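In full-length UniProt numbering, the protein residues as written are 1 to 125.
All residues carry an ideal CB built from backbone N, CA and C; glycine is no exception.
It should be emphasised that the depicted structure is a prediction, and the values quoted were computed from it without experimental measurement.
Each remark here refers to the structure printed beneath this line.
See below:
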């Protein structure tokens, strides 16, 4: 599942689940919507991505490349080492800014609810 949120300067994609060949049918529509919004900053929240293959990487690369051609930037938030490795193997890691300060957790500052740490994906051995 991919959700799109916008502000006056930023588009945020929140990705949950697999970002792979099985999901590719939705990629062109999402890419068209993101490009059509024409925001300078694209933030891709990957905290809930469970798996990404080269098809998912190609989707992210196309989004980053479209933004770069318009003078924008693409930030990856919550990407784990495996996701970054896939992008590096594709030779595209330099298209992204990596948010190293982001913590993948949920909290509600208005209610003071205790943050809940999201489950971490298993790391390959």
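Asked: Residue 37 beta carbon less than 8 angstroms from that of residue 72; Found: no
Asked: Where residue 22 falls, given that 16 or more other Cβ within 10 Å makes a residue buried; Found: exposed
Asked: Rounded C-alpha distance that separates residue 102 from residue 77; Found: 6 angstroms
Asked: Inside the UniProt domain "STAS" (1-91) only - alpha helix (DSSP H) runs reaching at least 4 residues; Found: 27-37, 54-69 and 81-89
Asked: For residue 94: DSSP bridge partner residues; Found: Paired residue(s): none; residue 94 is not in a bridge.
Asked: Residue 54 and residue 35 closer than 8 angstroms at C-beta; Found: no
Asked: Three-way DSSP call (helix, strand, coil) for residue 101 in this model; Found: coil
Asked: Through-space distance from residue 70 to residue 13, alpha-carbon basis; Found: 18 angstroms
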